[in-house]
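Residue numbers (this note's numbering): 65 to 143. Yeah, the Cβ is synthetic: ideal placement off N, Cα and C, and Gly gets one too. To start, the structure under review is shown below, and the notes come after it.
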Amino acid sequence: MSADGSDTAGATEDRSPIDAGLTATEALVLDRLSELGVQVHPEWLPAIAATYEINRQMAALVLAEDLDEDDLPAAIFRA
């Protein structure tokens with residue numbers, strides 16, 4: 065219970081990661097890493113999420129354009 069008398073038990077458990085100020089990608093990365101038992105320093109989460117997003121976009125680009133290994137560097141440069 066808080067100083068003002070309101071019940072705060074479990075308040076952090078009921079909040080979604082997005083409500084806690086995380087982006088959707090950060091919440092996804094945090095969830096996946098938590099499933100693996102990996103703890104992430106809060107300052108590192110934005111960089112990890114950005115790297116995840118870049119990799120996701122590159123994979124989508126490769127699949128969409130049906131690129132082989134020789135075409136990949138040029139496609140990455142264009143992106």
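What three-state label does DSSP hand residue i in the structure shown?
i, result
"residue 103", "coil"
"residue 84", "coil"
Taking the alpha-carbon positions, what's the residue i to residue j distance?
i, j, result
"residue 138", "residue 125", "12 Å"
"residue 107", "residue 128", "33 Å"
"residue 122", "residue 130", "12 Å"
"residue 96", "residue 135", "31 Å"
"residue 94", "residue 88", "10 Å"
"residue 102", "residue 120", "20 Å"
"residue 105", "residue 116", "16 Å"
Starting from residue i, trace the alpha helix (DSSP H) both ways and give me its first and last residue.
i, result
"residue 125", "109-129"
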